[in-house]
Structures are given as structure tokens and as C-alpha cells.
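The UniProt record's numbering puts the first residue of the sequence shown at 1, with every later residue one more than the last. Glycine included, each C-beta is placed from N, C-alpha and C at the ideal position. Every value quoted in this text rests on a predicted model; they were computed, and no experiment measured them.
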Amino acid sequence: MKKLYNVFKNIKFSCEREIEEKIYEDESLKIIRTMSLNQVTDFYDQEELEIVFLLGGKAQIEYEDGRIIKLQKGDTLEIKPHEIHRVSWQEKAVWLCIFKK
Numbered sequence: 001m002k003k004l005y006n007v008f009k010n011i012k013f014s015c016e017r018e019i020e021e022k023i024y025e026d027e028s029l030k031i032i033r034t035m036s037l038n039q040v041t042d043f044y045d046q047e048e049l050e051i052v053f054l055l056g057g058k059a060q061i062e063y064e065d066g067r068i069i070k071l072q073k074g075d076t077l078e079i080k081p082h083e084i085h086r087v088s089w090q091e092k093a094v095w096l097c098i099f100k101k
């Protein structure tokens, strides 16, 4: 990993897919930046604790039980292990995602 990384530089979007960039990873922690134009994801059932920071854009997280969380630039959300969820809507979203293994 580079010692200096600016999460606001080199932002790029794709119509076909989300773009993920790994910033850091070791045996207990993973940090990625994800850029999404308008993609909807499948439902995730993750082993890790995930904390997401919406650095830009807007988005909506939908949980398997029907709960919906609307996020805007600057919002942070903690997603517990096995809390089944997906991104059901987003608009030029730039995410910083931290996974604690």
C-alpha cells in the first residue's frame, strides 16, 4: 500500500460495474474505495463487521427484513456480521468501506 492515498482523487465511474480499489489489507482489516454510478448489488451475508462511509453521491441500503436506510454524502453506517443487506439504489456513490475480520 502507498503510504499516502487520497480518497477524493482519480474518481472514475463505469456504466457496466462498480469499481473497487483496495487501499489496505492485513489479517484483521480491509479498507476499500468503491465507486458506483448507479449499480444495484446482490444481497450480501458477510462474516466481517463493515463500516461504510459515503464520501460522495447518494445511496440506499436495503436489509433483508425490509428496512431501508437512505444515505447522503458524509453519512456513515455500521453493518454487523450476517446482517443481510444490499445497495438498492445509488447515484454517483463513492464509498470508503472498512471490514474488520
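Worksheet entry | Spatially closest choice to E47 from W89, W95, K80, by CA coordinates | K80
Worksheet item: Buried or exposed: V40, going by 16 or more other Cβ atoms within 10 Å of its Cβ?
Response: exposed
Discussion item. Taking the alpha-carbon of I32 as reference, which of S14, R86, N6 has the nearest alpha-carbon?
Written reply: N6
Item to complete: Would you mind listing the beta strand (DSSP E) stretches within the UniProt domain "Cupin type-2" (44-99) that are 3+ residues and don't spill past its ends, in chain order?
Response: 49-63, 68-72, 76-79
Fill in: Backbone secondary structure at E28 - three-state DSSP
It should be noted that the sequence gives Ser, not Glu, for residue 28. Three-state DSSP puts S28 in coil, outside helix and strand.
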